[in-house]
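> The structure is given below, and queries will be raised subsequently.
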Amino acid sequence: MKVALPILSPAETASPLVGQPTGPRDIRSVRTLRVSVTDRCNFRCVYCMPEDKLDWTPKASLLTFEEITTIAAAALRHGIRGFKITGGEPLVRQELPRLVEMLNGLSDDLELSMTTNGALLVEHAEALKAAGLGRITISLDSLNPETFERITRGARLADVHAGIDAAVAAGFGHPKINCVAMRGVNDTEFATFAAMTLDRDVSVRFIEYMPLGRTALGGEYEQRFVPEPDIRSAIEARFGTLVSADPDTGSGPARVYRVAGAKGRIGFISAMSKPFCETCNRLRLTAEGQLRSCL
Numbered sequence: 053m054k055v056a057l058p059i060l061s062p063a064e065t066a067s068p069l070v071g072q073p074t075g076p077r078d079i080r081s082v083r084t085l086r087v088s089v090t091d092r093c094n095f096r097c098v099y100c101m102p103e104d105k106l107d108w109t110p111k112a113s114l115l116t117f118e119e120i121t122t123i124a125a126a127a128l129r130h131g132i133r134g135f136k137i138t139g140g141e142p143l144v145r146q147e148l149p150r151l152v153e154m155l156n157g158l159s160d161d162l163e164l165s166m167t168t169n170g171a172l173l174v175e176h177a178e179a180l181k182a183a184g185l186g187r188i189t190i191s192l193d194s195l196n197p198e199t200f201e202r203i204t205r206g207a208r209l210a211d212v213h214a215g216i217d218a219a220v221a222a223g224f225g226h227p228k229i230n231c232v233a234m235r236g237v238n239d240t241e242f243a244t245f246a247a248m249t250l251d252r253d254v255s256v257r258f259i260e261y262m263p264l265g266r267t268a269l270g271g272e273y274e275q276r277f278v279p280e281p282d283i284r285s286a287i288e289a290r291f292g293t294l295v296s297a298d299p300d301t302g303s304g305p306a307r308v309y310r311v312a313g314a315k316g317r318i319g320f321i322s323a324m325s326k327p328f329c330e331t332c333n334r335l336r337l338t339a340e341g342q343l344r345s346c347l
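If you count the sequence shown from 1, you need to add 52 to reach my numbering.
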């Protein structure tokens, strides 16, 4: 088995990791395991990966679904109840609904979700729902087709819109949409994103741009970074002061608000202006079986 952590046998007993934490990032604070099933992606987003010469993990080195399920079972015995399937783009991994069904069969007391770019949901949404996937988060950085194509290096915005519709039609209630805020790229669209929540039960979450150095967009991190107050100001200039809202399931580090009277919610994940590393309660399992504390 290609894993870098101890796996308990079914006969072994395990004390829950989730207890009374003794300090920041105490292992007993862990509530969610993010499970990367692949590092491959059908997009080439400019802030995420180079345009070519990509060194993918060999498929033979990826954890099998059986290995992932074994690790998840061990995590459950230690009190971890949330499992988020990620990538890369998880839907490029063949037979993903089979993994969802395997994980869902471990316990009636777990939360199973997935983050995706949405472009392949038309093909897979119904099967994922039938297999037991509970929630979906969709990454979407622009509502302008040309800007979206520029960010993703060629993907079609229409495919993502169709994927969102397919997810809702399959029964995924209250989908989340994650938008990475980038100055000079999508900073004129924040209010347009917020408008999606007015009459739809969705959460739109704005994520501060992270310091990844010089990007293919051009310019250093400081030139692209948009702090949360600037995002809020752009939204409130159109819709008025945002009101606090109760966080929904799977909100994680997001602070949640809504436009007054809106059906949906607006969240802010502000790792740079309001760091939350000390209270992070998640671990990541990489596609090749490494555990990492940073997402």
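Idealized CB from N, CA, C, for every residue including glycine.
For R350, which beta-bridge partners are listed by DSSP?
Nothing can be reported for residue 350: it is not among the residues displayed for the chain, which extend from 53 to 347.
> By a C-beta neighbour count over all protein chains shown, 10 Å radius and 16 as the cutoff for buried, is T204 buried or exposed?
When all chains shown are included, T204 counts as buried.
> Going by Cα to Cα distance, which pick from Q275, V232 and V237 is closest to S322?
When only C-alpha atoms are compared, the closest one is V232.
> In the DSSP assignment, what are the bridge partners of S88?
According to DSSP, which records beta bridges pairwise, S88 is partnered with T138.
> Check whether the Cβ of T204 lies closer than 8 angstroms to any heavy atom of the ligand FMN, and answer yes or no.
In the structure on display, the ligand FMN does not appear, and there are no ligands present to speak of.
> Mind reading off the beta-carbon distance from V256 to H226? Whole number of angstroms is fine, and I expect it under 8 angstroms.
Between H226 and V256 the Cβ distance is about 12 angstroms, and since that is not below 8 angstroms, they are no contact.
> Is it right to say K315 is buried, meaning 16 or more other beta carbons lie within 10 angstroms of its own, or is it exposed?
With fewer than 16 other Cβ atoms within 10 Å, it is exposed.
> Taking the alpha-carbon positions, what's the A339 to Q146 distance?
So the alpha carbons of these two residues sit roughly 14 angstroms apart.
> If you draw a straight line from the alpha carbon of I120 to that of A289, how long is it in whole angstroms?
Roughly 46 angstroms separates the two Cα atoms.
> Determine the closest residue to E141 out of L195, F95 and L115, with distance taken between C-alpha atoms.
If we check each option's Cα against that of E141, F95 comes out closest.
> For G184, which residues of its own chain have a beta-carbon under 7 angstroms away from its beta-carbon, when the five flanking residues on both sides are left out?
V152, E153, N156 and L164, listed in sequence order.
> How about the segment 202–218 and the segment 160–179: do they share at least three Cβ pairs that are nearer than 8 angstroms?
Cβ pair count under 8 angstroms is three or more, so yes.
> Along the chain, which unbroken stretches of the alpha helix (DSSP H) at least 4 residues long are found entirely within the segment 185–214?
The segment 185–214 contains these whole alpha helix (DSSP H) runs: 197–204.
> Three or more C-beta pairs closer than 8 angstroms, one from the segment 238–254 and one from the segment 278–289: is that the case here?
Counting Cβ pairs under 8 angstroms, three or more are found: they touch.
> Using the C-alpha atoms, what's the distance from D104 back to R336?
Answer to the nearest angstrom: the Cα atoms are 26 angstroms apart.
> Looking at E198 and R208, is the spacing between their C-beta atoms short of 9 angstroms?
No, the Cβ-Cβ distance between R208 and E198 is not below 9 angstroms.
> Smallest Cα separation from T293: which of A312, V87 and L195?
Measuring from the Cα of T293, the nearest candidate turns out to be A312.
> Measure the alpha-carbon distance for V361 versus Y273 and round it to whole angstroms.
Lying before the first or after the last residue shown, residue 361 is absent from the chain, which here runs from 53 to 347.
> Under a Cβ-count criterion, where at least 16 other Cβ atoms within 10 Å of its own Cβ denotes burial, should L106 be classed as buried or exposed?
Exposed, because fewer than 16 other Cβ atoms sit within 10 Å of the Cβ of L106.
> Would you kindly check if the distance between the Cβ of V82 and the Cβ of K136 is under 9 angstroms?
Result no, Cβ atoms of K136 and V82 do not sit closer than 9 angstroms.
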